[in-house]
Structure formats: structure tokens, C-alpha cells
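Position 21, counted from 1, in the sequence shown is what this note's numbering calls 23; the numbers after and before it change by one each time, with no gaps.
I have placed the structure first, in the form of C-alpha cells, so that the comments after it can refer back to it.
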Amino acid sequence: MITFLIISLILYIIVYKSIDLIHKNKYLNKLKDTRKYLSDQEILAFYTNSKLSEISILELWNEVATNFDIPSGYLRPEDHLAEMGILQISVDHPKLEDLTEIAIERKKSLNKPIDLESISTLDDYIKAFALKA
3 MITFLIISLI LYIIVYKSID LIHKNKYLNK LKDTRKYLSD QEILAFYTNS
53 KLSEISILEL WNEVATNFDI PSGYLRPEDH LAEMGILQIS VDHPKLEDLT
103 EIAIERKKSL NKPIDLESIS TLDDYIKAFA LKA
């Protein structure tokens, strides 16, 4: 019985990972088909009047892109973090958990009140954690 449960669990993990990878590839292909790849200067243009550090903006933008394994130029400020190519079977997706851990560490290092639950988009993330220019 235990052997059956272990085999079932292993199969579940393999199937879940495969489905997750297929979903991610579809998401990336959709981005590549529908969006122009943005340069760093085009990314910074979204924050021209924000008084935020350009280095900080790009660092955070790339942090999110790296965490979700998405080329940074395909992201946009309005992109929802919970929808970045991850399968929506559970809220506890490892990619979201990883970014949450990073955000908690950033919050501690900035020593300022940040409502992590209010961060849902890439833009929210940048505005919450970017340093002032």
C-alpha cells in the first residue's frame, strides 16, 4: 500500500511538472507573439516621472523576470505576478513563494511599511521596493 502511494505521488509530481512546463511555454510563446521586446530604455520610459532610481527599477524588473524565467523585455508594468506563466492550480506556487520571500527580505532591509498583500502587478512591486532617485 505504501509503495502504491509513493508511486502515485511521484507520478502526480511528474504530471504536474509537465503540465506546468507546457503552460509556461504557451505563456511565453503568447508573449513573444503579441509583444515587442523592450529595451532597458523602453522599460524605464514607464517610470519617467516617478522619481525612482533607474538602477533600482531595472534591478527589480529583472528580479521578477528571473524569478519567473521570463525574458525581461516581454514584461509590462500591468502584468499580474500571479499569472506570469504559472499554472493556477494552487496559490502556493513555488515561483510566487520565492518572490514573496524576496519581497519580505526587501521590506526588512528598506525598513518601511509595505503591505505585501496589496502587491499584485509588476508595477506595484517596483513602486513598493524601488529606491528614490
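Positions of the beta carbon are idealized from the N, C-alpha and C atoms, including for glycine.
All values derive from a computational prediction rather than experimental measurement.
| Asked | Found |
| --- | --- |
| Neighbour-count burial assignment, residue 47, 16 or more Cβ in a 10 Å radius | exposed |
| Inter-residue Cα distance where the pair is residue 106 and residue 99 | 10 Å |
| Residues bridged to residue 54 [DSSP beta-bridge criterion] | 134 |
| Classification of residue 132 by the beta-carbon crowding that lies within 10 angstroms, buried from 16 upward | buried |
| C-alpha distance - residue 123 paired with residue 80, whole-angstrom precision | 6 Å |
| Pairwise C-alpha distance: residue 77 and residue 41 | 11 Å |
| Endpoints, alpha helix (DSSP H) assigned at residue 47 | 42-47 |
| Rounded C-alpha distance that separates residue 75 from residue 34 | 10 Å |
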